[in-house]
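Enquirer: Protein chains in written order, with our numbering: chain V, 1 to 134; chain C, 1001 to 1134; chain E, 2001 to 2134; chain D, 3001 to 3134. Cβ coordinates follow ideal geometry from the N, Cα and C atoms, glycine included. Got a structure here, written out as structure tokens. Questions coming.
Number of protein chains: 4
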Amino acid sequence: MFRFATTVKLYDTDATGALFFAQQFRLAHDACEAFLATTGLFVQGKPILQLPVVHAEADYAAPLRWGDAVTVEVRPGRVGKSSFGLCYRLCKSDGTVAGTVATVHVAISGKTGRPVRLPSVLRKALTAAAARRA
Amino acid sequence: MFRFATTVKLYDTDATGALFFAQQFRLAHDACEAFLATTGLFVQGKPILQLPVVHAEADYAAPLRWGDAVTVEVRPGRVGKSSFGLCYRLCKSDGTVAGTVATVHVAISGKTGRPVRLPSVLRKALTAAAARRA
Amino acid sequence: MFRFATTVKLYDTDATGALFFAQQFRLAHDACEAFLATTGLFVQGKPILQLPVVHAEADYAAPLRWGDAVTVEVRPGRVGKSSFGLCYRLCKSDGTVAGTVATVHVAISGKTGRPVRLPSVLRKALTAAAARRA
Amino acid sequence: MFRFATTVKLYDTDATGALFFAQQFRLAHDACEAFLATTGLFVQGKPILQLPVVHAEADYAAPLRWGDAVTVEVRPGRVGKSSFGLCYRLCKSDGTVAGTVATVHVAISGKTGRPVRLPSVLRKALTAAAARRA
């Protein structure tokens, strides 16, 4: 499991006083970028491949407020030939799970735009993370 | 069915050249605000009640690019005692469905923060929209 | 003068109950895209040239709230050989000026990344808009 | 001087391949929240006072790209009776200054909405930061 620490910024909240729902995907995405950075897969500004999101979903269990410290736990989901899932849990400092996010990514060639096999470095990182979980 | 016309803005896209996935929720939310405005439910800045999102999901079928004209079709989903769903389809000008979004909202009191029955004006609007669909 | 009508969305606001300051640039940018679209300059997704912002500033006179109707007035600023300015005024429905924005853009070639002369179609639109103002 | 380390996220960029101009204010704001947190001024979710931005400006010297490591240097600007300025410099890892931001904040009472004297804890932090700079 990969852990990413962050805080809810003022711009993540809205006039209701809590997180605007779509910003939960921003928090998950920050954790995703940090997780992928650990795989050594990306060269800055020149991704070997693209990993567009083909499905995303989120559940909201407790409101997040401006300044809340959040730990995003990242776990691999299903790993396919050219796709993989990531599951995120947003935990407050008191352990409350404020919400969850899941994303499914497809690996496509930056040149052709067509699906490609997951690079082995990424597949290994996902498998290793899944093993640490078990 | 309620239709909302918009365009993909530069800030909706990212360095991969297409829509950043979380921005699809922004486009759906704009349509949601426009749909709710037709119900007469909200007084500007003083909502009678809050309608936080408790679940959100999106699928991505075709990339959206800067400047793309998009029609967001909004359909009611399941309507419960104090909750309701909305389903969105993002259609490009050539009819291609670029993606879909679904949100589930719970009506809560702005005062107590507890679930309340859907206001009849909202229930009627959702039912009417569902009937027009049939 | 070019006028663009919009409304403050929930995600434009923050937990203080008013517009998050950086979102004023979003509202101005929406007006900018709509203004530039009137010039016929852009082919969807294939800009003939890029117009990056090299300077941006904003003043905030009155708070904008969720649901506020806003008319963004766009006026050309200084027009140079390869640069131009745009000035925006955000007016509420009662005529109050909630804030102002100014941006300075440089025209650069999408191929070489170097400054180029403003296309005549853009120069004409800016001059025409400035004349209508006088 | 206060230093804040961050990276340019995918959603900070746009289809031109570089930072969307308004996102430079997001990077500066993250640094602002981190700086203010060091003053001990804010209680989570219950700010003693509000510090709305009344003026903001940015200059853009070099494009920032997805994944770029950025150090935001924060320096106090003019400190008044109920207002203060902050100046930010966004430096890339090679030392290049990619851009600058300046914001002016007014302290207002969360209750009355009227300007109040800067809290001494904030005034001291601003003065100390200015002294470290000299």
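Under 8 angstroms, Cβ to Cβ, is there at least one residue of chain C near D/ASP3014?
Expert: For D/ASP3014, the answer is yes, since a Cβ of chain C falls inside 8 angstroms of its Cβ.
Enquirer: Could you say which of V/ALA130, V/GLY110, V/THR13 and V/TYR11 lies nearest to V/ARG75 if we only look at CA atoms?
Expert: Out of V/ALA130, V/GLY110, V/THR13 and V/TYR11, V/ALA130 has the C-alpha closest to the C-alpha of V/ARG75.
Enquirer: Which residue from C/GLN1050, C/LYS1092, C/LEU1122 and C/THR1016 puts its Cα closest to that of C/VAL1072?
Expert: Cα-wise, what sits closest to C/VAL1072 is C/LYS1092.
Enquirer: Of all the CB atoms in chain V, is at least one closer than 8 angstroms to the CB of C/ASP1030?
Expert: Answer no: the Cβ-Cβ gap between C/ASP1030 and chain V never drops below 8 angstroms.
Enquirer: Determine the chain V residues that contact C/TYR1060 at a beta-carbon separation under 9 angstroms, and present them in chain order.
Expert: Result: PRO52, VAL53, VAL54, HIS55 and ALA56.
Enquirer: Is it right to say D/THR3096 is buried, meaning 16 or more other beta carbons lie within 10 angstroms of its own, or is it exposed?
Expert: Burial call: exposed.
Enquirer: Indicate whether at least one CB of chain C lies closer than 8 angstroms to the CB of V/PHE25.
Expert: Taking Cβ atoms only, chain C reaches closer than 8 angstroms to V/PHE25, which makes this a yes.
Enquirer: Does the beta-carbon distance from C/ALA1058 to C/VAL1008 come in below 8 angstroms?
Expert: Cβ distance not < 8 angstroms, so C/ALA1058 and C/VAL1008 don't count as in contact.
Enquirer: Using the beta-carbon count (16 or more within 10 Å), is E/ASP1946 buried or exposed?
Expert: No statement about residue 1946 of chain E is possible, as the shown extent of chain E runs from 2001 to 2134 and does not include it.
Enquirer: Would D/LYS3009 pass as an interface residue toward chain V - the criterion being a Cβ-Cβ separation below 8 angstroms?
Expert: Yes, D/LYS3009 counts as interfacial toward chain V.
Enquirer: Report the CB separation of C/ASP1014 from D/ASP3014 in whole angstroms; it is logged as a contact under 8 angstroms.
Expert: Confirmed, about 6 angstroms.
Enquirer: State the beta-bridge partners of C/VAL1072 as determined by DSSP.
Expert: BP columns for C/VAL1072 point to C/PHE1004 and C/LEU1090.
Enquirer: Could you pull out every residue in the same chain whose Cβ sits closer than 6 angstroms to the Cβ of C/ALA1028, ignoring the five residues on either side in sequence?
Expert: Around C/ALA1028: TYR1088 and VAL1101.
Enquirer: Counting only Cβ pairs nearer than 9 angstroms, list the residues of chain E close to V/GLY17.
Expert: Here the neighbours are ALA2015 and GLY2017.
Enquirer: Is the shortest distance between the beta-carbon of C/ALA1129 and the beta-carbons of chain V less than 8 angstroms?
Expert: No - not a single Cβ of chain V is within 8 angstroms of the one on C/ALA1129.
Enquirer: Candidates E/PHE2025, E/VAL2116 and E/GLY2040: which alpha carbon is nearest E/LYS2081's?
Expert: Ranking E/PHE2025, E/VAL2116 and E/GLY2040 by Cα distance to E/LYS2081 puts E/VAL2116 first.
Enquirer: Can you say whether D/ARG3003 is buried or exposed, counting buried as having 16 or more other CB atoms within 10 angstroms of its CB?
Expert: The residue in question, D/ARG3003, is exposed, as its Cβ has fewer than 16 Cβ neighbours within 10 Å.
Enquirer: Among D/LYS3124, D/LEU3010, D/THR3006 and D/MET3001, which one has its Cα closest to the Cα of D/TRP3066?
Expert: The option with the nearest alpha carbon to D/TRP3066 is D/LEU3010.
Enquirer: For E/SER2109, write down the residues that DSSP places opposite it in a beta bridge.
Expert: Note: E/SER2109 sits in a beta bridge opposite E/LEU2049.
Enquirer: Quick check on the burial criterion: 16 or more other C-beta atoms within 10 angstroms. Buried or exposed for D/THR3038?
Expert: Under this definition D/THR3038 is an exposed residue.
Enquirer: Can you check DSSP and say which residues form a bridge with C/HIS1055?
Expert: Beta-bridge pairing links C/HIS1055 to V/ASP59 and C/VAL1104.
Enquirer: Does the separation of the CB atoms of V/PRO52 and C/THR1103 fall below 8 angstroms?
Expert: Taking 8 angstroms as the Cβ cut-off, V/PRO52 and C/THR1103 do not qualify as a contacting pair.
Enquirer: Using CA atoms only, rank isn't needed, just tell me which of V/GLY113, V/VAL121, V/ARG123 and V/GLY40 is closest to C/PRO1063.
Expert: For C/PRO1063, the nearest C-alpha among the options comes from V/GLY113.
Enquirer: Under the DSSP definition of a beta bridge, which residues are partnered with C/LEU1019?
Expert: Answer is C/THR1013, bridged to C/LEU1019.
Enquirer: For a contact meaning CB atoms closer than 8 angstroms, what does C/ALA1022 contact in chain D?
Expert: Result: TYR3011.
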